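Visitor: Below is a structure I'd like to ask you about.
Chains as they are written, first to last, in the working numbering: chain A, 1 to 213; chain B, 1001 to 1350.
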């Protein structure tokens, strides 16, 4: 059972870290793309939107090519480490965070930013008001991204290698236990994964409904 | 009238996507309200936003007196998430005021505009009129020296407009704030404005004291905007009656022998626009030689508007409904007209 718990915790750590980085990088990019009009914006928006549907296994392959010992980042020796898995999941989550953030910012009422400025709100306080107004969209972005990277198997398998005690996570663990015939362990991990997904979906629903009431 | 304006626009020029706004000179002074009138797309909202320092100018400047705070109420104000009270406190929070002061000032502003009972309501649930009052309270909470109002009477019914006008008038008188107000509702503009500025196609066509602009608009477009509904083209002629040759004004032929006299002097032979406000046309019935016949009359119960056929010209006049002629005049009646020369305004035909 310890083994299962360890796998579950590693999953949360890897996906959680990827999510934190994705939000930290993706939120400001999403704000800028949603708010300002500039040359090349259309291309970046199209990239973010198409990136929302990237097949994880392809992302895994691309990151693996980068990290492979003979690859451009091979010197870092990240291949088959949890850091490599964080990097791959970051690539999967980033377009989701950017895409949903920019859509939320784009749906703000006409003159939103002018009205914020007209009230004398600047920088940090203006950003805080903006985040409050789009918080539902942001929440959705976070939950969709987290759900996506928790349940993906291709990328973590490709760059993590599913090494027991080092890079095995819930999804790759399920695959392995099934192949080994350890169906009970596989089912236990599957139950954990499902439980996590339900908690996430439930949280989103609760917050959305609280807003309605 | 104070010597230095609270806010002054000088040689403003602003270009946005093919549209250019030019305002050479416009002052907002403490205790004075300026109504900015103009057709859609004339640049009224752009002017307000430029005065609020929200848009970059191409040239010229908007200067404010030292320590002068400006607040702008947008045409479509936003209810930010949270309660009404939080919304009103937002600009005070921006100014980093302590919490207790924010509360007090927000409460006073909500009282002023009659929304104090809604303080704890979710701002998203307000009606159009309530949201408008929220926006005004939010602007007043900062105790601005200059208040810019963009269509403050939009989305309000007649009663709401009246009530808001009265509230605004009282607050303006109490606070001595300088106001610029954009509106297409001439009646509300006239109720509140000390001065009128008219924008046409991005250019300041006229600016002056309210009654001066109402009586002496600079041209036919301005005349229409300020309710000078009778407008005809005519030519200034020599007065036909020798006895009148010393009359210090002009006689204008409106066509087909119809003449009108104006106290304003223009040399004979010049083509002019002639403007007469409907309320300045006096009617009498039963005279020997009537000038015109009533072609239609409509009344809203307060004001009656009669259209007259005056030798082929259309003449519009206002009467008090339900009293005197306003009660008895019917379609087809013959009437005599009196229009005083000083109520007949001449404008250059450009």
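We treat Cβ as the ideally placed atom computed from N, Cα and C, and that holds for glycine. These numbers were taken from a predicted model, which means no experiment stands behind them.
When you compare the CB of residue 1115 of chain B with every CB in chain A, is at least one pair closer than 7 Å?
Guide: For the purposes of this step, residue 1115 of chain B is identified with residue 115 of the second chain, where counting begins at 1. So, not an interface residue.
Visitor: By how many angstroms is the C-alpha of residue 141 of chain A removed from the C-alpha of residue 1084 of chain B?
Guide: In the second chain, the residue the question calls residue 1084 of chain B occupies position 84. In the first chain, the residue the question calls residue 141 of chain A occupies position 141. Cα to Cα, the separation comes out at about 28 Å.
Visitor: Where are the beta strand (DSSP E) runs, 3 residues long or more, that stay fully inside the region 1038 to 1079 of chain B, in chain order?
Guide: Those beta strand (DSSP E) runs which fall completely within the region 1038 to 1079 of chain B and span 3+ residues are 1059 to 1064, 1070 to 1073.
Visitor: Rounded to the nearest angstrom, what separates residue 97 of chain A and residue 169 of chain A at their Cα positions?
Guide: As a first step, residue 97 of chain A must be located in the first chain, where it is residue number 97. As a first step, residue 169 of chain A must be located in the first chain, where it is residue number 169. Residue 97 of chain A and residue 169 of chain A: Cα-Cα distance of roughly 23 Å.
Visitor: Using the Cα positions of residue 1326 of chain B and residue 1332 of chain B, report the straight-line distance between them to the nearest angstrom.
Guide: Locating residue 1326 of chain B in the second chain gives position 326, where the first residue counts as 1. Locating residue 1332 of chain B in the second chain gives position 332, where the first residue counts as 1. The straight-line gap from Cα to Cα measures roughly 14 Å.
Visitor: If you draw a straight line from the alpha carbon of residue 1322 of chain B to that of residue 1235 of chain B, how long is it in whole angstroms?
Guide: If you number the second chain from 1, residue 1322 of chain B lands on position 322. If you number the second chain from 1, residue 1235 of chain B lands on position 235. Approximately 38 Å between the Cα atoms of the pair.
Visitor: Which residues in chain B sit within 8 Å of residue 120 of chain A, going by Cβ to Cβ distance?
Guide: Within the first chain, the letter at position 120 stands for residue 120 of chain A. Here the neighbours are 1091, 1094, 1095, 1142.
Visitor: Once DSSP output is grouped into helix, strand and coil, what is the label at residue 1019 of chain B?
Guide: Looking up residue 1019 of chain B in the second chain gives position 19. Residue 1019 of chain B falls in the strand class under three-state DSSP.
Visitor: Do we get a CB-CB distance below 7 Å when we pair residue 115 of chain A with the residues of chain B?
Guide: One-based indexing of the first chain puts residue 115 of chain A at position 115. Chain B contact via Cβ: present.
Visitor: Within its chain, find whatever has a CB closer than 6 Å to the CB of residue 1155 of chain B; leave out the 5 residues flanking it on each side and keep chain order.
Guide: Against the second chain, residue 1155 of chain B aligns to sequence position 155. Taken in chain order, the residues that qualify are 1128.
Visitor: Where does residue 1284 of chain B fall in DSSP's three states?
Guide: As a working note, residue 1284 of chain B is residue 284 in the second chain. Residue 1284 of chain B falls in the strand class under three-state DSSP.
Visitor: Quick check on residue 1339 of chain B - is its C-beta less than 7 Å from some C-beta in chain A?
Guide: As a first step, residue 1339 of chain B must be located in the second chain, where it is residue number 339. Chain A, which has no Cβ nearer than 7 Å to the Cβ of residue 1339 of chain B, makes this no.
Visitor: Taking the runs of the alpha helix (DSSP H) that are 4 residues or longer, which of them lie wholly in the region 1245 to 1271 of chain B?
Guide: For the region 1245 to 1271 of chain B, not a single whole alpha helix (DSSP H) run of length 4 or above is found.
Visitor: Given a threshold of 16 other Cβ atoms within 10 Å of its Cβ, counted over all protein chains shown, does residue 198 of chain A qualify as buried or as exposed?
Guide: Start at 1 with the first residue of the first chain, and residue 198 of chain A comes out as number 198. When all chains shown are included, residue 198 of chain A counts as exposed.
Visitor: Please list, in chain order, the chain B residues whose beta carbon lies closer than 8 Å to that of residue 111 of chain A.
Guide: For the purposes of this step, residue 111 of chain A is identified with residue 111 of the first chain, where counting begins at 1. Those are 1074, 1076, 1078, listed as they occur along chain B.
Visitor: Spatial neighbours of residue 1116 of chain B within its chain, please: CB distance less than 6 Å, with the 5 preceding and 5 following residues excluded, ordered by chain position.
Guide: The residue labelled residue 1116 of chain B in the question sits at position 116 within the second chain. For residue 1116 of chain B, where only same-chain residues beyond five positions count, the Cβ hits under 6 Å are 1110.
Visitor: Can you give the beta carbon distance from residue 1258 of chain B to residue 1344 of chain B, rounded, assuming they're within the 8 Å contact cut?
Guide: Taking the first residue of the second chain as position 1, residue 1258 of chain B is located at position 258. Taking the first residue of the second chain as position 1, residue 1344 of chain B is located at position 344. Between residue 1344 of chain B and residue 1258 of chain B the Cβ distance is about 13 Å, and since that is not below 8 Å, they are no contact.
Visitor: With DSSP as the reference, please indicate the residues paired to residue 1297 of chain B in a beta bridge.
Guide: Translated into the one-based positions of the second chain, residue 1297 of chain B becomes position 297. Bridge partners of residue 1297 of chain B: B:1306.
Visitor: Can you check which of these residues, B:1022, B:1032, B:1163, B:1302, is closest to residue 1058 of chain B by C-alpha distance?
Guide: Position 58 of the second chain, counted from the first residue, corresponds to residue 1058 of chain B. Closest by alpha carbon: B:1022.
Visitor: I'd like the ranges of any alpha helix (DSSP H) spanning at least 4 consecutive residues and lying wholly in the region 93 to 168 of chain A.
Guide: Counting whole runs of 4 or more residues, the region 93 to 168 of chain A contains the alpha helix (DSSP H) stretches 112 to 118, 123 to 133, 135 to 151, 154 to 160.
Visitor: Less than 6 Å between C-beta atoms, sequence neighbours within five positions excluded: which residues of the same chain meet that for residue 1263 of chain B?
Guide: By one-based count along the second chain, residue 1263 of chain B stands at place 263. Counting only Cβ-Cβ distances below 6 Å, and skipping sequence neighbours, we find 1249, 1341, 1342.
Visitor: Starting from the Cα of residue 1298 of chain B, find the closest Cα among B:1031, B:1055, B:1329 and give me that residue.
Guide: Numbered from its first residue, the second chain carries residue 1298 of chain B at position 298. Minimum Cα distance to residue 1298 of chain B is reached at B:1329.
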